[in-house]
Every structure is written in structure tokens, then in C-alpha cells.
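First the structure, in the form of C-alpha cells, and then the observations on it.
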Amino acid sequence: MADLSVNVAGIDFKNPVIPASGVFGYGREYEEFYPLSKLGGISTKGTTGQMRTGNLAPRIAETPMGMLNSVGLQNPGIDRFISHELPNLMQKDTVIIANIAGSTPEECAEVASKLDETDVHMIELNISCPNVKQGGAAFGVSCEGASAVTKIVRNATKKPLIVKLSPNVTDIASIAKAVEAEGADSVSLINTILGMRIDINTGRPVLRNNCGGMSGPAVFPVAVRMVWQVANAVKIPVIGMGGISSGRDAIEMMMAGASAVQVGAAIITDPFAPVKIIEEMNQFLDEKGISSVKDIIGSVKPW
Amino acid sequence: MKYTQGKYLLLEKKTLAKQIYDFTILCPEVAQAASVGQFVNILPEGHTLRRPISICGIDKEKGTLRIVFMAKGDGTLKLADTPKGANLDIVGPLGHGFTMNDVSGKTIITGGGIGVPPLLPLAKHYGKDAVVILGFRSADAVILKQDFEATGAEVIICTDDGSYGVHGMVTVPLAEKISGASQVLSCGPIPMLKAISAVAEENSVPCQVSLEERMGCGVGACLVCACKVKKNGEERFGHVCKDGPVFDSKEVMW
């Protein structure tokens, strides 16, 4: 049995596998399959200042080796998250990461300051949502936008702050450096890649929102590349995600430089995916005679 | 609610009509927990998303479930290719099914197309106290007629083109039969359900509808299968996989 524990931004994880925000709700449904204590951590459904109803359906479409989704940040709002979901989650013996989002930097900061007064272990700031004050462009697509929102959220909380990066950018490493400079304790990547499908019989986009975020095994090589680039550019720990669906994928992502991994679409395919990934990682490490998973972080030997 | 995920044996496989497949699956844990109107989420090999398929028959003694589905897209075509004796990766039973009210009067069970299979267990339950009104495109699309007749219910078949049974929509015989009915239970395409609900409402008969939407997790976590519902005067997005697939027709914002 290899040592699977890792430390990200001062927080100890019993293993490096974390269900990604959005696919796992607040854990209640998956607790009907397995105890949540098996997981390294949980990144909860993105929470905003006020309740959001989300986009019209269809919100999902399958793509070759992947999927598109456009839920539209449906959530009950930060106050209800804190009163109704967080107390239950905090009893589950796993690291709880509150994923937050907002339409303005101020909304993100307000959500973070409310979480600062709770027991939540970490905050993950989603900077891929549209900034209504800047004509709807996502905060995360420019260094200036990413810096500005990170700065104001940093000032609102002392909790370890993870900034979740958008892959829909020219140079993700420069965005990572910009948020590191504003005090982010960690970065997680990649969020979904913007995509679109059209039903050629009707001429209508498959998603009611026209476009959506692509995820699943198809995006994995893009995610590995971006994690590698970011890990080489920053000193803060990187949490890697994007298409991980097996223990081998998780090992590969950690070799690229990730200190922990998140699993999203794979949970929709197989609810047991995170648990299986943990078992497969352990098996791989044992087979290779590697005593600690920490030894593989960033161990890729580039040509 | 405890969910089960596992690989289960495809015991029997039949073709009922063009593109319509009839599977009997040995899955004792799922069958034991299943109730009428629920569904199972099946993973076509090599796909990312599971396909939600409603349950057409539950045999708790034999530990089997029957599903009848249409092979339409890549995923369901892949499922249809599963050979007898192979395993299917299933999560289930899922969703909030039909509420089986203990009613004294007549129950009307109505729906159409590929919405018909989940209605069969309802006909079995209500038997001779039920009137079953089923709509299909044409004679060659009619499925499960003998199964419904074997329940003892009165069965009326309608076709869009008049090639079999009543020429026209299910709402025509529904309007004739609804007087004095205690409840309407339905499943089918949205426009049909909307029309059925309207007839039920005009006659002040309670109506349950089973909806369909593209799904992700199937357990209520990923929130993709949204449908607008109204409860206690408040509008919100419900989720077909967990709040449904069966809803009180008055809650649905068509």
C-alpha cells in the first residue's frame, strides 16, 4: 500500500483524488454509492451570491469521447449553501473545497467573505464565468481580469485560495503567474473548453444555450499540456483536471506537475470513478515500487 | 435511496418493431428496489454518457427487469447491438416513479410512441379497472398491444395515419372516456402530454406525466436535465432524473 497522501497549500489530503465542481453536487447523491470519506476531497457545486436557476434544457450533449454542458451555474446561493449543505459536508472526513463564482469581482468577494467565517477547508474561485461589468467576457481570459478578481477575493478571505483557470486562452501560464502574483495559494485547471454542436436535421444547436463547456477523455491531452506548462511557470501547487478517467490518467496528470487531481465527466460515466481511480493509482505505485505518490509529482522527464 | 451500479446479464432480446428492442436483464438488486415509473441508466460501451431507459417490467421473484427502447442515435444503436448473454453496465433504479394511488374509480393510462413501455406495469396494477389509450405513428409501429390486453384493461389503439385502430390522437378517446375517471397516468412526447394534461384538467381529474430530458448523472447531482416546474406558487427548475421522471401535470410549466 503506497502512501497516497498529498498536501496542497497547507491542507492535507488522504489521497489526491477530488470530484470536480459541478458533477458531484454536495455529495448527497454519491453517498448512496460509497462513503465520501474515501475521497481526497470534494469540490462543491459552484456557488454564487444569490440563487441562480440556470439555463434552459437541453443542457448536455455527448461528443466523441466527451460531452458538452451548459448548466449555467444553477445553485441555491451562498447563504443556503452555508446553512443547508456545508454543515453536512464538514462531517464527512474529507477536504471540502467550496467552489465559488460571480458576475462581478465584488460578488465573488462577498461569497468568499461569507465562507471565511465557516469551517470550509479551501475556496476554489471559478474565473471562467462572464464578467457582466466587462461586457460579458470571462474574468479568466486576460491577465488583467484574472488578477483583478483574484486580488479582491484574496482580500476577502484567509482560507487557502485555489483559482480555477480557463483553458480558453492563448497563454495559460501567464494567467497562472498573474493570479499567483495576487496571492492565489494554488491553481486548478483546466475548466471546460468552449464547444458547440449543431443538429443538422433541425439546424439548431444541440444545447439550448448554443455553446457549452466540453469535457471528458477527449480533452485530456490538452489538460496535460496546460498543467505541464503552468506547473513549470508557477511555484504554487497545481491541481490538474480535464478528462481524467483512470488511475493511469491521474498518474500522468501528476507527472505533468499536478499535486492533486479532480475528476469530472468520468463520474457521470461511472459514479464509482473516483474510488476506482484511487485504487488504480495505489496499484500502479505498488507495481512500480514507488512508496509515495508525492514522488511522481512533476516527475516527467521532458525531451 | 440506495443506488446500485453493476454489470448485468442480458437474458432475452427481441425486436418488437422497426428500431424497437425488448430486453430482459438479470439484475436482482436493481429489480428488488425498482418501482413503477422509474428508469435505469445504461452505459453504451465506449460512450461517455449513459442512456436513461424507463422500466417496462419488474419481476422481483426472478430478479429481472424488462426494458423496451428505440434505437435512434449512436448510443441506443450501440445498446441495441448488445448480444444476448453479454453484460450491460447499469445504474439504477433511478427517479421518482408513478404514485400508485388506491383509487375506487377508473384509471386512464395513456401515452404514445416510445412513451408506451413504462405504462405496462400500471396496466398490470390496475387491470380491469383501467382504460388504456395508446397512440402510434402507424400500424407497423404498434407495440405491446397483447401485453396490455393480457392485463384485463380495456385497450384502445390510435394511429396518426389511421392504418390501425382509431384514426387520430389519443386525446379524442381520452375525452370520451374521462368522465368519472379517478386519475390519468401518462407518458409520451411533450406535445401529447401537454394535450392529455389539458383534457384531464378540464375534467378536474388528477394527472401524472412521465417526462423525458437529456440526462447526465441520472441521480440528481449534475443538474443537466432541467424542466420548469411550479410548486406552491413558486417557479423553479426541477430535475427529470430525481424530482421526476413522473410529475403531477399541474406542476409542469409546459
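Respectively, the protein sequence lines represent chains A and B.
The first sequence: position 23 = 23 (this note's numbering), numbered continuously.
Remember, this note's numbering sits 1000 above the position in the second sequence when you count from 1.
All C-beta atoms in this analysis are idealised placements derived from N, C-alpha and C, irrespective of residue type, glycine included.
Given the structure is predicted, the values throughout are model-derived calculations rather than measurements.
Return yes when at least one heavy atom of the ligand NAD lies under 7 angstroms from the C-beta of residue i, else no.
| i | result |
| --- | --- |
| Asn1041(B) | You won't find the ligand NAD in this model; it holds no ligand whatsoever. |
Give a yes or no on whether the C-beta atoms belonging to residue i and residue j are separated by under 8 angstroms.
| i | j | result |
| --- | --- | --- |
| Val1246(B) | Val1229(B) | no |
| Val1170(B) | Gly1113(B) | no |
| Phe1148(B) | Ala1181(B) | no |
| Ile1042(B) | Leu1079(B) | yes |
| Ala1153(B) | Val1184(B) | no |
| Ile236(A) | Ala181(A) | no |
| Leu165(A) | Gly203(A) | no |
| Pro211(A) | Ser174(A) | Looking at the sequence provided, one finds Cys at residue 211(A) rather than Pro. No; because the gap between Cβ atoms is not below 8 angstroms, this pair is not in contact. |
| Ser1197(B) | Gly1115(B) | no |
| Leu125(A) | Leu161(A) | yes |
| Val227(A) | Leu194(A) | no |
| Ala148(A) | Pro105(A) | yes |
Using alpha carbons as the reference points, say which of the options lies closest to residue i.
| i | options | result |
| --- | --- | --- |
| Pro1118(B) | Val1240(B), Ser1197(B), Ile1067(B), Ala1226(B) | Ile1067(B) |
| Tyr999(B) | Ala1071(B), Val1036(B), Gly1097(B) | This structure gives no information on residue 999(B), because the portion of chain B shown stretches from 1001 to 1254. |
| Gln1038(B) | Asp1059(B), Asp1089(B), Ser1104(B), Gly1095(B) | Gly1095(B) |
| Leu36(A) | Trp303(A), Gly298(A), Asn282(A), Phe272(A) | Phe272(A) |
| Pro130(A) | Pro221(A), Glu107(A), Val111(A) | Glu107(A) |
| Leu1011(B) | Thr1076(B), Asp1129(B), Gly1085(B), Cys1158(B) | Gly1085(B) |
| Ile1143(B) | Ala1017(B), Pro1189(B), Ala1226(B) | Ala1017(B) |
| Lys114(A) | Ile278(A), Ala146(A), Pro237(A), Thr47(A) | Thr47(A) |
| Gly1006(B) | Leu1088(B), Thr1151(B), Ala1034(B), Thr1159(B) | Leu1088(B) |
| Ala1141(B) | Tyr1164(B), Asp1074(B), Lys1242(B) | Tyr1164(B) |
| Leu73(A) | Ala109(A), Ile127(A), Pro64(A) | Ile127(A) |
| Ala109(A) | Leu89(A), Ile78(A), Val8(A) | Ile78(A) |
| Ser299(A) | Gly242(A), Ser259(A), Glu280(A), Glu29(A) | Ser259(A) |
| Met51(A) | Tyr1008(B), Asp1243(B), Gly1105(B), Phe1237(B) | Phe1237(B) |
| Ile307(A) | Ser215(A), Met122(A), Gln229(A), Arg80(A) | Here chain A comprises residues numbered 1 to 303, so residue 307(A) is not present and cannot be evaluated. |
If you follow the beta strand (DSSP E) that residue i is part of, which residue opens it and which one closes it?
| i | result |
| --- | --- |
| His1239(B) | 1234-1239 |
| Pro1052(B) | 1051-1059 |
| Ala258(A) | 258-263 |
| Thr1159(B) | 1154-1159 |
| Phe33(A) | Per DSSP, Phe33(A) belongs to no beta strand (DSSP E) and is neither H nor E. |
| Met196(A) | 193-196 |
| Ala311(A) | One cannot answer for residue 311(A) here, as it falls past the ends of chain A, which runs 1 to 303. |
| Pro1093(B) | 1087-1094 |
| Asn168(A) | Neither: Asn168(A) is in no beta strand (DSSP E) and is coded neither H nor E. |
| Cys211(A) | 211-215 |
| Val1131(B) | 1130-1136 |
| Glu1066(B) | A quick correction: the sequence has Arg, not Glu, at residue 1066(B). Run containing Arg1066(B): 1064-1070, per the beta strand (DSSP E) assignment. |
| Ile1025(B) | 1020-1026 |
How would you write the range of the alpha helix (DSSP H) that residue i sits in, first residue to last?
| i | result |
| --- | --- |
| Lys276(A) | 273-288 |
| Ile1184(B) | In the sequence as displayed, the identity of residue 1184(B) is Val instead of Ile. Here Val1184(B) belongs to no alpha helix (DSSP H); instead the beta strand (DSSP E) covers 1183-1187. |
| Pro87(A) | 86-89 |
| Gln1146(B) | 1145-1149 |
| Phe220(A) | 220-233 |
| Ser1197(B) | 1190-1202 |
| Val120(A) | Careful: Val120(A) lies outside any alpha helix (DSSP H) and carries neither H nor E. |
| Met254(A) | 247-255 |
Just to confirm my understanding: we take residue i, look at its own chain, exclude 5 residues before and 5 after, and list those with CB closer than 6 angstroms. What are they?
| i | result |
| --- | --- |
| Cys1222(B) | Gly1216 |
| Ala266(A) | Ser245, Ala273 |
| Ile1156(B) | Ile1133, Pro1173 |
| Asn1203(B) | Ile1178 |
| Trp1254(B) | Lys1194 |
| Lys151(A) | Glu182 |
| Asp286(A) | Ala2 |
Leaving out five residues on either side along the sequence, give the residues of the same chain with a beta carbon under 7 angstroms from the beta carbon of residue i.
| i | result |
| --- | --- |
| Asp12(A) | Ser5 |
| Asp116(A) | Ala156, Thr157, Lys158, Lys159 |
| Ala61(A) | Met67, Leu68, Arg197, Val206, Leu207 |
| Arg1050(B) | Asn1041, Ile1042, Leu1043, Val1091, Gly1218 |
| Leu56(A) | Arg208 |
| Ile1053(B) | Phe1039, Val1040, Ile1042, Ile1067, Phe1069 |
| Gly25(A) | Lys45 |
Keeping to the same chain, check which residues put their C-beta closer than 8 angstroms to that of residue i; ignore five residues upstream and five downstream.
| i | result |
| --- | --- |
| His1125(B) | Val1036, Met1100 |
- Message: Which residues of the segment 164-184 of chain A have a Cβ closer than 9 angstroms to any Cβ of chain B? Give them in chain order.
- Response: Hits within the stretch: zero.
- What residues in the segment 1217-1230 of chain B have a beta carbon less than 9 angstroms from any beta carbon of chain A? Hits within the stretch, in order: Cys1217, Gly1218, Val1219, Gly1220, Ala1221, Cys1222, Leu1223, Val1224, Cys1225, Ala1226, Cys1227, Lys1228.
- Query: the segment 1082-1099 of chain B: which residues have C-beta closer than 7 angstroms to a C-beta of chain A, in chain order?
  - Reply: Residues Val1091.
- Near-chain B residues of the segment 260-290 of chain A - C-beta to any C-beta below 9 angstroms: Correct list: Ala265, Ala266, Ile267, Ile268, Thr269, Asp270, Pro271, Phe272.
- Quick one: which residues of the segment 43-59 of chain A get their C-beta closer than 8 angstroms to a C-beta of chain B? List them in chain order. Within the segment 43-59 of chain A, the qualifying residues are Lys45, Thr53, Gly54, Asn55, Leu56, Ala57, Pro58, Arg59.
- Query: Which residues, in order along the segment 1065-1082 of chain B, keep a beta-carbon less than 8 angstroms from a beta-carbon of chain A?
  - Reply: Cβ contacts with chain A come from Asp1074, Gly1075.
- Determine which residues of the segment 1008-1024 of chain B have a Cβ less than 8 angstroms from any Cβ of chain A, and write them out in chain order. With the criterion set as a beta carbon lying under 8 angstroms from some beta carbon of chain A, the segment 1008-1024 of chain B has no members that meet it.
- Task: Output, in sequence order along the chain, the residues in the segment 1115-1131 of chain B whose CB is closer than 9 angstroms to any CB in chain A.
- Result: For the segment 1115-1131 of chain B, the set of positions with a beta-carbon nearer than 9 angstroms to some beta-carbon of chain A is empty.
- Query: Taking a cut of 8 angstroms between CB atoms, which residues from the segment 1037-1053 of chain B lie near chain A?
  - Reply: Of all residues in the segment 1037-1053 of chain B, Leu1043, His1047, Thr1048, Leu1049, Arg1050 have a Cβ within less than 8 angstroms of some Cβ in chain A.
- Task: Using a Cβ-Cβ cut-off of less than 8 angstroms, list which residues of the segment 69-100 of chain A approach chain B; keep chain order.
- Result: Near chain B, meaning a CB-to-CB distance below 8 angstroms, the residues of the segment 69-100 of chain A are Asn69, Val71, Gln74.
- Would you list, in chain order, the members of the segment 210-221 of chain A that have their beta-carbon closer than 8 angstroms to a beta-carbon of chain B? Those would be Gly216, Pro217, in chain order.
- Query: For the segment 1232-1245 of chain B, which residues have a CB atom closer than 9 angstroms to at least one CB atom of chain A, in sequence order?
  - Reply: From the segment 1232-1245 of chain B, only Glu1235, Arg1236, Phe1237, Val1240, Lys1242 have a Cβ closer than 9 angstroms to chain A.
- Using Cβ-Cβ distances below 8 angstroms, what residues of the segment 11-27 of chain A are close to chain B? Hits within the stretch, in order: Gly22, Val23, Phe24, Gly25.
- Output, in sequence order along the chain, the residues in the segment 1202-1217 of chain B whose CB is closer than 9 angstroms to any CB in chain A. Answer set for the segment 1202-1217 of chain B: Glu1213, Arg1214, Met1215, Gly1216, Cys1217.
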